[in-house]
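Quick note: the sequence shown uses the numbering used here, first residue 11, plus one each step. Worksheet: one structure, shown below.
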Amino acid sequence: MPASESRETRRRFVQAGMGLSAALSGPTALAADGGPRTVTVPAQEHARITRWPRYGPAEKRALHELIDRGDFYGELPRFEKAWREYVKAPYAKAHMNCTSALTSGFFALDLPPGSEVLVPSYTFFATVAPMRFFGYVPVFVDVDPRTCCFDVSDAARKLTKRTRAMVPMHAWGLPCEM
Numbered sequence: 011m012p013a014s015e016s017r018e019t020r021r022r023f024v025q026a027g028m029g030l031s032a033a034l035s036g037p038t039a040l041a042a043d044g045g046p047r048t049v050t051v052p053a054q055e056h057a058r059i060t061r062w063p064r065y066g067p068a069e070k071r072a073l074h075e076l077i078d079r080g081d082f083y084g085e086l087p088r089f090e091k092a093w094r095e096y097v098k099a100p101y102a103k104a105h106m107n108c109t110s111a112l113t114s115g116f117f118a119l120d121l122p123p124g125s126e127v128l129v130p131s132y133t134f135f136a137t138v139a140p141m142r143f144f145g146y147v148p149v150f151v152d153v154d155p156r157t158c159c160f161d162v163s164d165a166a167r168k169l170t171k172r173t174r175a176m177v178p179m180h181a182w183g184l185p186c187e188m
């Protein structure tokens, strides 16, 4: 069965992440010290429902066919076209990683050097690295301790007349409040 037909959906993956977040905000006594267990799902079940991404036989077969053909770049425009049609957008650009996508996004913004960009203080360094190529100034925003995501209250306090953009990060499958 293709992963796309699996009962394990992105929604269920996010729910598992939210469950883990709820566990983090629970009692302060560890189970080892007499507190309640926060994770009651068996380890094998937990690993199965939180693993992402999931590749099924259809995805593996398509990858093998792509490797055998050796036409990696020919597939890209077809994917971008299919994605544009799926999301009903005039443009779509595939990227190899988030750093590349952020760099492309900063090119598209075309902000003047010295522009402030709000970023979470808990993030991968690549969130900030592309900004330096454009002369942008990263302004670090606290994260919500319950979710490890962008704290919108702190972001509001850090807005200035030089603030031009925000780059929130969705941590551990938990969507950032926006």
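Built from N, CA and C at the ideal position, the CB exists for glycine as well. Bear in mind the structure is a predicted one, so any value in this text is a computation, not a measurement.
| query | What is the C-beta distance between Asp-154 and Ser-131, in whole angstroms, given that I count them as a contact (C-beta under 8 Å)? | reply | Contact flag wrong, Cβ pair sits at about 11 Å.
| query | Taking DSSP as the reference, what is the three-state secondary structure of Glu-126? | reply | The answer is strand: DSSP assigns Glu-126 an E or B state.
| Ordered along the chain, which non-local residues of its own chain (more than five positions away) have a Cβ less than 8 Å from that of His-105? | Scanning its chain for C-beta atoms nearer than 8 Å, with the 5 sequence neighbours on each side dropped, one finds around His-105 the residues Ala-111 and Ser-114, in chain order.
| Val-127 and Arg-167: beta carbons closer than 8 Å? | The answer is no: Cβ separation not under 8 Å.
| field | Top-ranked residue by Cα proximity to Arg-156, from Leu-184, Tyr-146 and Val-177 | value | Out of Leu-184, Tyr-146 and Val-177, the CA that lies nearest to the CA of Arg-156 is found in Leu-184.
| said: Could you tell me which whole alpha helix (DSSP H) segments of length 4 or greater appear in the stretch 34 to 114? | reply: DSSP runs (the alpha helix (DSSP H)) wholly in the stretch 34 to 114: 53 to 60, 67 to 79 and 82 to 97.
| said: Pairs of beta-carbons, one from the stretch 134 to 148 and one from the stretch 90 to 110, closer than 8 Å: are there three or more? | reply: Contact holds: three or more Cβ-Cβ distances are below 8 Å.
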